[in-house]
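Here is the structure we will look at.
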């Protein structure tokens, strides 16, 4: 594979790699007597479990953890199977081929799980059978978020009010929008700080951007942090900036923290504008900056009430268990 990659045939090496991975998965399942395969992404992992399932006749399910057609539309670049864009003849057909490849395991999966309504619809558009699809929200948060008690908060990490951003430092999470929004709001909020937590591919660019900010002395970048530290910072935040988020948005709402989010993907399922948080038009940094950063705590409380129902860990785990039972014994299982 290294030789193929070295001579510019990266796509070819990828095909060999995926076939080998599928064989290795199948062999492991036989050796360990694995009864169900599960792919937590619907690109390469889903193709691997699909091929392995065909080899050894083991049922599988696929999690849709993101609407990547939406991401492609937002940033103008392919998110999955980028190698297709590097092959001259196939370049023009890359979008159609990508959807075809994504659809193969979904069309044949006994079960497809969408993490939110938007992901659910994405799976359906790629060919998943509606009768084999189910909505199963994320629930594997640090238990501290699920058990948040406003009467039993940990010691505050700082004595200054702050707005919080937690997320991977990648382009699609829009950390630069967060910095710019804070800069636009900083003059009217002289006591506030911006706290940023996370790591990722554009970390160095984010650090450089902070270093040239006129408010750099009020921006605290903590890098990657433990889940305990993330909880402590979240629990005491006055506001969370979640331009394009999943876990962070849910965790903030579980901690009664009002959120500002772009009106994209699944955000509107839990962020009811002006009631449980604020939704602003996509990439409208001015609108993000103009919102009331001192929003009433009541908004955060309403958000928590909604989030506790939407992300109820016990209910989600029970539903997940029924999915596995249906895969193992399809006839008597019911949803």
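Residue numbers (the working numbering): 1 to 335. The C-beta atom is built at its ideal place from N, Cα and C for all residues, glycine as well. Predicted model, so just to flag it, every value in this text is computed and none were measured.
- Straight through space, the alpha carbons of residue 125 and residue 48 are spaced by roughly 21 Å.
- Taking 9 Å as the cut-off, the beta carbon of residue 310 is found no closer than this to the beta carbon of residue 237.
- The Cβ atoms of residue 257 and residue 235 lie closer than 9 Å to each other.
- One alpha carbon belongs to residue 28, the other to residue 37, and they sit about 11 Å apart.
- Ranking 262, 179, 268, 45 by CA distance to the CA of residue 212 puts 179 first.
- Annotated three-state conformation of residue 221 is strand, per DSSP.
- If you look at residue 167, you'll find it isn't in any beta strand (DSSP E); DSSP assigns it neither H nor E.
- By the Cβ neighbour-count rule, residue 158 is exposed, with fewer than 16 other Cβ atoms within 10 Å of its own.
- Of 243, 268, 239, the smallest CA-CA separation from residue 306 is found for 268.
- Remark: three or more beta-carbon pairs, one from each stretch, lie closer than 8 Å, so the region 192-212 and the region 163-183 are flagged as touching.
- Residue 35 places its beta carbon less than 9 Å from that of residue 328.
- Only exposed fits residue 317, as fewer than 16 other CB atoms lie within 10 angstroms of its CB.
- Within its own chain, the residues whose Cβ lies closer than 7 Å to the Cβ of residue 223, once the five positions on either side in sequence are excluded, are 199, listed in chain order.
- Looking from the CA of residue 102, the closest CA among 152, 45, 168 belongs to 45.
- When the Cα atoms are used, residue 248 and residue 255 turn out to be separated by approximately 11 Å.
- Nearest Cα to residue 172 within the set 274, 226, 242: 242.
- The DSSP-derived three-state label of residue 64 is strand.
- For residue 254, the enclosing alpha helix (DSSP H) covers residues 247-254.
- A straight line joining the alpha-carbon of residue 60 with that of residue 129 spans about 14 Å.
- Annotation for residue 282: no alpha helix (DSSP H) segment contains it, and DSSP assigns it neither H nor E.
- Assigned with DSSP and collapsed to three states, residue 304 falls in helix.
- According to DSSP, residue 114 shares a beta bridge with 64, 135.
- Residue 322 carries a helical assignment under DSSP once its states are collapsed to helix, strand and coil.
- Going by C-alpha positions, residue 292 is about 14 Å away from residue 191.
- For residue 286, the secondary structure class from DSSP, reduced to helix, strand or coil, is helix.
- With a threshold of 16 other beta carbon atoms within 10 Å, residue 265 meets it and is buried.
- Pairing residue 218 with residue 193 gives a Cβ-Cβ distance under 9 Å.
- In the three-state DSSP reduction, residue 27 falls in the helix class (H, G or I).
- DSSP, reduced to helix, strand and coil, places residue 153 outside both helices and strands of the structure shown, so it counts as coil.
- If you look at residue 262, you'll find it in the beta strand (DSSP E) that goes 259-262.
- Membership of residue 189 in any beta strand (DSSP E) is not indicated, and neither H nor E is assigned to it by DSSP.
- If you draw a 10 Å sphere on the C-beta of residue 135, you find fewer than 16 other C-beta atoms in it, and that means exposed.
- In this structure, residue 105 sits away from residue 20, with a CB-CB distance that is not shorter than 9 Å.
- Per the coordinates, the alpha-carbon of residue 98 lies some 11 Å from the alpha-carbon of residue 42.
- Nearest C-alpha to residue 203 among 263, 55, 221: 221.
- Nearest C-alpha to residue 24 among 261, 52, 282: 52.
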